[in-house]
Structures are given as C-alpha cells and as structure tokens.
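To start, the structure itself, in structure tokens.
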DNA sequence: GCATGCAAAATTGTTAACAATCCATATTTT
DNA sequence: AAAATATGGATTGTTAACAATTTTGCATGC
C-alpha cells in the first residue's frame, strides 16, 4: 500500500487536533482585536495559557506568520501584524484580480444548485444582520467570498483566497471607520443577481465595485490607529513635539 | 553556487540565514529530483547533513509543507509531495486565472523600461538554451513568469505566484515527457510581443495559450512514474498480475 | 535634566534526553 | 503455508534545561 501522502487527515474521529485549535483560537483573538496590532506575543505565556509546550506555540507562530497575521522578528519575538496602508491597498487589489476570475468562472456555469447554495448563505447573512450580531455578520461576510471561491472549483485558488480573506479581516479590524461597516450584505445580493444574469463581464464588474467599496469604506488615510499614541490623540506630531 | 531564485530578500547585510539556506538547499534537491516524489525525509539524517538541530529541520518542514512541496503526516513524518494529476491541472488552472490578471495589468501600462527588463531576461533565457544548460533554462523559464508578476506591482500576487511556480516546477519535474520541454522560451517571446501590442485581451489570450501548452506537454495521463514500479516498467497492471 | 553605560531580568534560540508511535521482522497460531 | 500476533528498532513528538540575546531598570556622569 502506499501512498503516504494524505494532506492533513484528521485522526479518524471528529477529534480536533490541539495545534489546529490553538491556531483557531489565536486567529479569533486577532480578528476580534482582543489582540491588538503591534502587540507582542510571548511564547511562554501563550504556552501556559493553552497548556502546551513552547515548541507548539512556535510552530503555530510559523503558520500565522506565513499568513501574514503576525510578524516574526529574529531574537525579538512575534508581534501581531500591523498591515500598512500600502499593504491594505495591495491586498484588495490582489483580491480584485483573483475574484475577478472566480466570478467569471461561476457566471459562466451557473447551476440551480450553486445558486441556491449562495442564496442560502445570503439568508444567513441577512439573519445575522437583523439580529444585530455584528461579529457573526463580519465572519459570514468573509465566508460569502469563500463560498464563491469554492464554487469556482479550484482548491488552489480557494486556499489562497481563504488566507487573503483572513488578512483582509485583520485590515478591516484595524482600519474600519467608527460606524459599522458590514452593510455590504446588500451588495452581496446585487452580486448574486449579476451572477444569475450569466454575463461574466457584468458579474466581474460588480465584484470589482464591491471590493473597491469595502476598501473605500476603510479609513486608509489615517497614519496609525495605534494603541496609546498620545501624540495623535492630543493632535500633535510625535516627531516634532518641541519644535 | 547558486541559488537560482531569491525569493525572500535577506536582511540588511549579505549574511545568509541558516534556515533560509536549508530551505533553498532542499528546494533545489526537490526540483532537481535528487529527492524523488514520495521519498521519506528523516529528520535526524537531515539534521546531521546540515549540522543543525532537529528543531530547525522541523521548522523547515513546516515551510515546505505550506508550499505543498512536501506532505507532513502526523506520527509518520515528511514525504516529498506527489502531486496528483488533478492537482497538476488545478495548479495550471489557477495560474491561468492569476497570470491573466498580471498580464492585463502589464499590457495596460507598458513602459520602455519594463519592456527592456523583459527583453533582458529573454536574452538570458536564450543564452541558457543555446548553451544547452537545461537546468538553468528551466529555472529562468519560471523566473520569466515571476518577473511579469513583479512588474504587475503587487507584492501579494507576486509572492503567491512564486509559490505556485515552485509547485509547477515540481509537477513538471514529475510529469515531464522524456524529451526536453523547455522549448517554451520562444513562446515567451511571443508573449512579449503581445504585451508590447498594448492589447490586454490579446496578451491574456497569449498567456492562457502558453500555460495550456506547458500543461499539455506534460504526460498527465500516466498513472504514476514512481521509483521502482516494475509492473509498469514491464507493461503489466500491478493490481491484477495473475488474472 | 538628559544621555550613557552597566547589570539584572525577561525572553528567545538551541540542545539533549525522554516518551509515544509506527514499522518491519520474527514467532506463534490456525 | 497463511494469517494473526508479539517484539525490537527506528522515528517522530514532547519536555525541560541550558545558552544567547534583547530589554529594562538603575546608577553614574555630564
């Protein structure tokens, strides 16, 4: 027998591997901003928190760093990523490129089954929005895009976009304007209609519009919404305080 | 000497980090097929080979696994990836999607400087080809696509495509037909001409054609060109030997 | 008062030993 | 003889201690 090559099979039962759990846990904390951008992550503290060895925390760090959710600095440690404005713009630009292809592929071969899958998801988004569950709404909003990627039937693209969406979530958490931003669920409905129209160009244009809209709702001009930046809080330029 | 592709910029000085070195070393061995698909990688052997600790080998494994160049199986170890035919098809399909966007972006804003960068690269490909340096030709061929990604001016896309190109290289190494395949350098010239034409649609079409051509040159119908598969060597079906 | 340098504490990086798991061979059982 | 089952060796997974580095607090000098 042979092939020793199963990607990542869970051990048989529905048992969740601890490493996966820790990744998810930290992911949630980052996207919730319980861990703020720039914050230092101390290995031993986390190890004790999750009752695992430092080695495992280290491995988790590598994963998170690969997804650009934390920065790993040699001899200094791990820090929650602080995506710059340029990075944010590039991420949304990359998504535009990729989701353009996704949407075209779906529009070209829309089936009733796929359509109802999307509709079902929209329904959930709708419910969360009306229930006022902001957090769920944001998560579902990301999953909408992931669903489209899945329907495009290409695992490579799906996995990449998944990471890009996580990264987007961090960006949104970091740069979102004071008022709620997840009004985008109506845009998702517009998108579905475009997809049902069967015109790839139209659907792609709609997706581009949607992603640009998300980006534009962010406050990407602000220098840095950092933790305790007294200088900006009190309206001074930190570099030239006493000039 | 050697490292063909410099994927991640090194820190300030020319100091090469050992971890990066090991990754590059193993990468080279995989793409050269000195390490064959399916082969087991034993931590301690590698640790001794590179004179580092097992922990570092482990960290390198995580990186390689993330790039889908090896498979990590819990409690069993690490194995050189054996991309399936379906995977191969999906990788090239994903590249079509992404490089479509790349090429369009470049075609839309071609400058003399960018054009000469591409021409310069083509010249190098040309030289390697005429010098009969097969290995260099394959590497340069991949770097051509990477150059285009770089010119598209989006780091996110660039990094992703870099990984996808590495994965493609493994696929090509695994499925390439007996006769040389790097005749594609002339296709790259065709591609440059399309880019210079300034017509995004035409350029994108050319790229799609090129990627399909690469894929079609592979022997993606063969079940598995495994190491010592006597059954297939002697023209028998391994499953039903005695029927 | 502010900068500089030193020393201690905290933190990361590394190593080695130990435990758990898997694999192949040998042995027993049917 | 074939299947099932023990057994030993090899390999991965984990832990804890140690070394190296960075950070922090404090004292000193200007």
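Residue numbers (the working numbering), protein chains in the order written: chain A, 1 to 243; chain B, 1 to 243. Yeah, the Cβ is synthetic: ideal placement off N, Cα and C, and Gly gets one too. A quick note: this is a predicted structure, and the numbers were derived from the prediction, not measured.
Going along the chain, which residues of its own chain have a beta-carbon closer than 8 Å to the beta-carbon of residue i, five neighbours each way excluded?
i: residue 221 of chain A; result: 85
i: residue 125 of chain B; result: 137, 140, 141, 144, 185 and 188
i: residue 135 of chain A; result: 32
i: residue 115 of chain A; result: 192, 195 and 196
i: residue 52 of chain A; result: 18 and 22
i: residue 153 of chain A; result: 105
i: residue 47 of chain A; result: 53, 54, 56 and 57
At a CB-CB cut-off below 7 Å, which residues of chain B make contact with residue i?
i: residue 66 of chain A; result: 66
i: residue 90 of chain A; result: 154, 155 and 156
i: residue 93 of chain A; result: 154
Short check: CB of residue i to CB of residue j, under 8 Å?
i: residue 100 of chain A; j: residue 202 of chain A; result: no
i: residue 96 of chain A; j: residue 211 of chain A; result: yes
i: residue 192 of chain A; j: residue 118 of chain A; result: yes
i: residue 195 of chain B; j: residue 106 of chain B; result: yes
i: residue 151 of chain A; j: residue 94 of chain A; result: no
i: residue 155 of chain A; j: residue 90 of chain B; result: yes
i: residue 33 of chain A; j: residue 43 of chain A; result: no
i: residue 73 of chain B; j: residue 157 of chain B; result: no
i: residue 58 of chain B; j: residue 204 of chain B; result: no
i: residue 45 of chain B; j: residue 167 of chain B; result: no
i: residue 76 of chain B; j: residue 19 of chain B; result: no
i: residue 190 of chain A; j: residue 206 of chain A; result: yes
Only counting the same chain, and skipping five residues up and downstream in sequence, which positions put a Cβ closer than 7 Å to that of residue i?
i: residue 235 of chain B; result: Model confidence at residue 235 of chain B stands at a pLDDT of 39, short of 50, so the residue's coordinates are unreliable; what they give is reported in the following sentence. No residues qualify anywhere along the chain.
i: residue 70 of chain B; result: 41, 61, 64, 78, 79, 80 and 81
i: residue 31 of chain B; result: 169, 170 and 173
i: residue 12 of chain A; result: Because residue 12 of chain A sits at a pLDDT of 32, beneath the cut-off of 50, its placement in the model cannot be relied upon, and the point is left open.
i: residue 233 of chain B; result: Summary for residue 233 of chain B: the model assigns pLDDT 37, below 50, so the residue's position carries little reliability, and this model does not support an answer.
i: residue 239 of chain A; result: The predicted position of residue 239 of chain A is uncertain, since its pLDDT is 38 and thus under 50; no value can be drawn from it.
i: residue 149 of chain A; result: 102, 157, 158 and 161
i: residue 230 of chain A; result: Because residue 230 of chain A carries a pLDDT of 39, less than 50, the predicted location of this residue cannot be relied on, and the following value inherits that uncertainty. Once the five neighbours on either side are set aside, residue 230 of chain A has no close Cβ partner at all.
i: residue 87 of chain B; result: none
i: residue 127 of chain B; result: none
Taking residue i as the query, report the chain B residues whose CB atoms sit under 9 Å from its CB, ordered along the chain.
i: residue 245 of chain A; result: Chain A is shown only over 1 to 243; residue 245 of chain A falls outside these bounds and no answer can be derived.
Can you round the beta-carbon distance between residue i and residue j to whole angstroms, since I take them to be within the 8 Å contact cut?
i: residue 92 of chain A; j: residue 214 of chain A; result: 7 Å
i: residue 174 of chain B; j: residue 83 of chain B; result: 6 Å
i: residue 121 of chain A; j: residue 147 of chain A; result: 5 Å
i: residue 198 of chain B; j: residue 110 of chain B; result: 6 Å
i: residue 200 of chain B; j: residue 108 of chain B; result: 6 Å
Going along chain A in order, which residues have a C-beta closer than 8 Å to the C-beta of residue i?
i: residue 247 of chain B; result: Here chain B has residues from 1 to 243 only, and residue 247 of chain B is not among them.
Starting from the beta carbon of residue i, find every residue of chain A whose beta carbon is closer than 9 Å, and list them in chain order.
i: residue 100 of chain B; result: 97, 100 and 101
i: residue 62 of chain B; result: 59, 62, 63 and 66
Sorted by chain position, which residues of the same chain lie with C-beta nearer than 6 Å to residue i's C-beta, five sequence neighbours on each side aside?
i: residue 15 of chain A; result: Reliability fails at residue 15 of chain A, whose pLDDT of 43 lies under 50, so the model's placement of it is uncertain and no value is given.
i: residue 29 of chain A; result: 35
i: residue 50 of chain B; result: 22
Determine the chain B residues that contact residue i at a beta-carbon separation under 8 Å, and present them in chain order.
i: residue 160 of chain A; result: 94 and 160
Can residue i be considered in contact with the ligand NAP, in the sense that its beta carbon sits closer than 7 Å to one or more heavy atoms?
i: residue 171 of chain A; result: No copy of the ligand NAP appears in this structure; indeed no ligand is present at all.
Taking only runs of the beta strand (DSSP E) that begin and end inside the stretch 77-134 of chain A, which ones reach a length of at least 3 residues, in chain order? The stretch 77-134 of chain A contains these whole beta strand (DSSP E) runs: 77-80.
Ignoring anything shorter than 4 residues or poking outside the stretch 142-225 of chain B, list the alpha helix (DSSP H) runs there in chain order. Positions of the alpha helix (DSSP H) runs, each at least 4 residues long and wholly inside the stretch 142-225 of chain B, are given as 155-175, 185-197 and 200-217 in order along the chain.
Whole beta strand (DSSP E) runs in the stretch 7-73 of chain A with 3 or more residues, listed along the chain? Counting whole runs of 3 or more residues, the stretch 7-73 of chain A contains the beta strand (DSSP E) stretches 70-73.
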